[in-house]
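Remarks on the structure that follows.
Chains as they are written, first to last, in full-length UniProt numbering: chain V, 1 to 333; chain R, 1 to 259.
Shown next as structure tokens:
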């Protein structure tokens, strides 16, 4: 269990992380979502006591990170693939870490085999591809057999086989009752792995919810209908006060009604249906919708000279306005 | 808090598993011994051509350490790389996640690397001394003479302390390139040049290398050098103060700044 309370980080005037309060619970994969520059990496580094928070605290099983006795046995982290000494072999890189936390030496070969680097264990890690570096980082996270695992953008640089592997690994680890906290800016990836979601934008907490609730709250759900008697169907719907939107290929999309109600309605009027399906937007769409909201807001405020932004959640603005221009403090330093 | 012996073991593994350790330390040894031997042989063959003042204050022990001016640069590189590669490789984050107590991490690293540098320094100073004396012929001294053992032992300590000083500087600057870019010209040029300039001389003699190398002199004002306001142990004390300041500064930077 990881608990954040009012965690804040300022770099000069810029607030990278703004009063984050949430918990990461065991037994599930918690996704940590936000666009580039949202403050994900900075938050994760503060969780590991690498960066000093401006204010607020992080507790790991009730204790500060630096109070942990041999921390690798409590929490393993993959921060970025380039966090090993290139002149040292994969085996020796992990050996130094294992020794510092009194982890048995035999565990080094074990985790290297686990991540598929057994054959290159004695090779210098500077010759590794991005994907291999990522696997080595994952091996270092697993070294102490910790109850809590943190992965910052683990699929970066992995090939499809590797992505499939890490996805299953995270699910298996969560299935063993461990706490898995994984960051990503790829919504589609989260949809496949995460059970719970923490969404941040511009350092602020936007959502702390189960995956299903997040999609439900942030996306349109509608019913898709297809009928050879489309004209009659439209009339019937209109009489019921429902708006049907043409969706192409003879399909109609209806908001605000269940499949059950629409099926019964069609049956009452003797209308043949070729399709009656409940549609739900994917996580990707829900996420885009959130971002779209902030884009709209910004366009508005820039052109109309609108009053200062309300305290409510807004995000992605800076990121949208100057693509590539915003320094990601999370990746710098 | 991670146990100190475990962290020491880990730091020893870090040092012995990179090739830079081997080549910098071999360099420090080989360059010092070879250059000192060459200068001893040269001095021996041209002893009669030396100015009177230098002959009067001839210090065979000090002459057998003359290669250290160059050899110490390899020690500087060793010290800088031990700390600096943690930053250049990005390993620092992994290391601090494993050992979050900054003091345990930094002081264990410096202790292990410092002891190794001291051992190589002592081997270098003794080898340099014996080979040098053998080549000095009639002008040689021996380990039993007054203050000679102190000077030879001190030469090894000097090299070890120069390495530790470099580790502290690298911890302050958090970069190998920057540290080398400052320390190499400082030890090789700036310090040597300033110590010859009349006005700057009084300041330069408190520089770590100028003060510390006093321990290697057996004859006061050896080789007709300027008298210093401190003795051999005072000089070593000044170097030690520099080392303590650099390491303390490195610790503060590591503690205060984000990794």
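Every residue, glycine too, gets a C-beta built ideally from N, C-alpha and C.
Residue i and residue j closer than 8 Å at C-beta
| i | j | result |
| --- | --- | --- |
| residue 148 of chain V | residue 200 of chain V | no |
| residue 137 of chain V | residue 83 of chain V | yes |
| residue 161 of chain R | residue 76 of chain R | no |
| residue 114 of chain R | residue 163 of chain R | yes |
| residue 33 of chain V | residue 166 of chain V | no |
| residue 53 of chain V | residue 9 of chain V | yes |
| residue 41 of chain V | residue 152 of chain V | yes |
| residue 97 of chain R | residue 100 of chain V | no |
| residue 204 of chain R | residue 191 of chain R | yes |
| residue 78 of chain R | residue 122 of chain R | no |
| residue 136 of chain R | residue 44 of chain R | yes |
Residue i versus residue j: straight-line alpha-carbon distance, rounded
| i | j | result |
| --- | --- | --- |
| residue 158 of chain V | residue 235 of chain V | 52 Å |
| residue 222 of chain V | residue 272 of chain V | 20 Å |
| residue 309 of chain V | residue 22 of chain V | Unreliable placement is indicated for residue 309 of chain V, whose pLDDT of 42 sits below 50; the coordinate value is still reported in the next sentence. The straight-line gap from Cα to Cα measures roughly 24 Å. |
| residue 30 of chain V | residue 66 of chain V | 23 Å |
| residue 241 of chain R | residue 148 of chain R | 24 Å |
| residue 140 of chain R | residue 134 of chain R | 7 Å |
| residue 216 of chain R | residue 88 of chain R | 35 Å |
| residue 3 of chain V | residue 126 of chain V | 36 Å |
| residue 331 of chain V | residue 43 of chain V | Unreliable placement is indicated for residue 331 of chain V, whose pLDDT of 40 sits below 50; the coordinate value is still reported in the next sentence. Those two C-alpha atoms are separated by around 11 Å. |
| residue 6 of chain V | residue 111 of chain V | 35 Å |
| residue 249 of chain R | residue 8 of chain R | 21 Å |
| residue 175 of chain R | residue 85 of chain R | 8 Å |
| residue 263 of chain V | residue 248 of chain V | 20 Å |
| residue 208 of chain V | residue 193 of chain V | 16 Å |
| residue 166 of chain R | residue 196 of chain V | 48 Å |
| residue 106 of chain R | residue 98 of chain V | 18 Å |
| residue 11 of chain V | residue 11 of chain R | 32 Å |
| residue 150 of chain R | residue 42 of chain R | 25 Å |
| residue 222 of chain R | residue 213 of chain R | 12 Å |
| residue 58 of chain R | residue 70 of chain R | 21 Å |
| residue 261 of chain V | residue 240 of chain V | 11 Å |
| residue 225 of chain V | residue 242 of chain V | 13 Å |
| residue 202 of chain V | residue 197 of chain R | 57 Å |
Opposing strand residues paired with residue i [DSSP bridges]
| i | result |
| --- | --- |
| residue 222 of chain V | V:255 and V:279 |
| residue 196 of chain V | V:30 and V:210 |
| residue 150 of chain V | V:77 and V:181 |
| residue 245 of chain V | V:253 |
| residue 2 of chain V | V:24 and V:60 |
| residue 124 of chain V | V:89 |
| residue 169 of chain V | In the DSSP output, where bridge partners are listed per residue, residue 169 of chain V has none listed. |
| residue 8 of chain V | V:55 |
| residue 201 of chain V | V:204 |
| residue 14 of chain V | V:11 |
Proximity test, Cβ basis, 8 Å: residue i and chain V
| i | result |
| --- | --- |
| residue 99 of chain R | yes |
| residue 213 of chain R | no |
| residue 253 of chain R | no |
| residue 155 of chain R | no |
| residue 123 of chain R | no |
| residue 228 of chain R | no |
| residue 14 of chain R | yes |
| residue 21 of chain R | no |
| residue 175 of chain R | no |
| residue 179 of chain R | no |
| residue 259 of chain R | yes |
| residue 43 of chain R | no |
| residue 90 of chain R | yes |
| residue 9 of chain R | yes |
Test: residue i CB closer than 8 Å to a CB of chain R
| i | result |
| --- | --- |
| residue 7 of chain V | no |
| residue 158 of chain V | no |
| residue 145 of chain V | no |
| residue 183 of chain V | no |
| residue 20 of chain V | no |
| residue 77 of chain V | yes |
| residue 71 of chain V | yes |
| residue 203 of chain V | no |
| residue 95 of chain V | yes |
| residue 140 of chain V | yes |
| residue 178 of chain V | no |
| residue 129 of chain V | no |
Check: residue i C-beta below 7 Å from any heavy atom of the ligand HEM
| i | result |
| --- | --- |
| residue 228 of chain R | The ligand content of the structure shown is nil, which means the ligand HEM is not present either. |
Quick check on the DSSP output: what are the complete alpha helix (DSSP H) runs of length 4 or more inside the region 37-116 of chain R, in order along the chain? 52-56, 60-63, 68-89 and 91-98
Can you check the region 124-182 of chain R for any alpha helix (DSSP H) of at least 4 residues that lies completely inside it and give the ranges in chain order? 148-173
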